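Okay, structure first, notes after.
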Amino acid sequence: MISCPLCNRAVEHLHKRSHLVPEWMYTDCYNENHKVIEVSRSEERVTKKQKGVYSSFICDSCEKDTQKYDHYASLILTNRSSGSDEFKSIERTYPKKNNVDDNFEFCLWENIDFKKFQNFIFSVILRTHLAGRIKGSIQLNQEHLNRILSIYRDNTIIDDSSYPILLMEYHKNDKMRDHVILPFVKKLKGHHIVEFTGGGYAFNVYISSHSKPQHIKTFRLKKEGSLLVLNIFFQQTALGKKSIEVISTLEKSKG
Ligand SMILES: [Zn+2]
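Residues in the sequence shown are numbered from 30 upward in steps of one, following this note's numbering.
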């Protein structure tokens with residue numbers, strides 16, 4: 030028997046082929062190396078097969094759970110099933126202008142199933158971590174890993190503040206929309222952030238023990254089911270610049 034690192038249960042074997050980032054976050058074609066998957070939509074004609082990065086690191090039952098969360102996220106984040114109850118359940122108030130900068134738009138989402146959506150984002154990070162594939166200056170340390178795991182595992186823990194989640198939607202004309210990036214760690218203004226992108230979104234989770242900046246508290250996914258989705262040209266932001274630096278460094282090391 031072996032122990033599944035995600036649920037801690039003793040199992041006979043691990044699921045053979047678990048994905049790191051769910052398939053719906055890729056477009057139809059892809060170009061992958063070990064760190065970054067770059068998706069070119071212009072090549073969609075080549076194949077209908079969707080592939081990603083797979084590995085074996087969680088049990089069958091955890092795989093099933095994570096697929097539930099993935100499915101929920103795909104329904105609310107994309108309009109592929111715009112007739113689904115999940116898609117229709119989200120109230121989107123759009124656009125809202127930020128009074129500091131008129132180019133900076135955001136959209137208020139309400140009625141999100143907080144726990145499902147949080148678990149979706151945590152599961153992408155946990156899977157990548159457990160597969161040994163989180164890249165960046167740090168790995169998740171044991172203390173944070175254990176706390177995230179305990180929130181993930183326990184449906185009665187409703188915690189939106191220890192590891193706040195920010196969601197950014199790429200502008201329709203943003204080239205960054207075509208990238209799927211596996212979770213990696215970056216540091217911004219003293220905070221460690223795990224970021225991943227796909228499906229036209231960038232997901233940020235703040236990993237630190239100290240108090241988070243006010244704008245994070247304002248924009249984060251809240252336990253009441255609301256979230257302020259930033260709608261931006263990603264490269265214009267400090268976060269985006271940092272990400273692009275990382276991506277171009279990784280791309281240079283490809284060959
Ligand atoms: Zn498990």
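Heads up, the beta-carbon is just placed ideally off N, CA and C, and yes, glycines get one too. Source: prediction; values computed, not measured.
Its Cα nearest to that of residue 197, the residue 136 stands out among 104, 136 and 44. Checking the DSSP bridge columns, you'll see residue 227 partnered with 230.
Per the CB criterion, closer than 6 Å to any heavy atom of ligand 1, the qualifying residues run in chain order as 33, 35, 36, 38, 87, 88, 90 and 91. The stretch 217-226 makes no contact with the stretch 104-114, as fewer than three CB pairs between them are under 8 Å. Pairing residue 153 with residue 212 gives a Cβ-Cβ distance under 9 Å.
With contacts defined as CB atoms closer than 9 Å, residue 215 and residue 242 fail to qualify as a contacting pair. Per DSSP, reduced to three states, the secondary structure at residue 122 is strand.
Ranking 228, 209, 254 and 159 by CA distance to the CA of residue 33 puts 159 first. Following the DSSP letters along the chain, one finds residue 98 inside the alpha helix (DSSP H) bounded by residues 89-106.
Taking 8 Å as the upper bound for CB-CB distance, residue 47 and residue 85 are in contact here, some 6 Å apart.
In the three-state reduction of the DSSP assignment, residue 194 falls in the strand class. Taking a C-beta distance under 9 Å as the contact criterion, residue 101 and residue 151 do not qualify as a contact pair. By the Cβ neighbour-count rule, residue 121 is exposed, with fewer than 16 other Cβ atoms within 10 Å of its own. Within a 10 Å sphere around the beta-carbon of residue 261 sit 16 or more other beta-carbons, which makes this residue buried. Classified as exposed, residue 190 has fewer than 16 neighbouring CB atoms from the shown chains inside 10 Å of its CB.
Around the beta-carbon of residue 183, fewer than 16 other beta-carbon atoms lie within 10 Å, marking it exposed. Cβ-Cβ separation between residue 105 and residue 35: approximately 23 Å, too far for a contact (criterion under 8 Å).
Relative to residue 41, the option among 54, 89 and 186 whose CA is nearest is 89.
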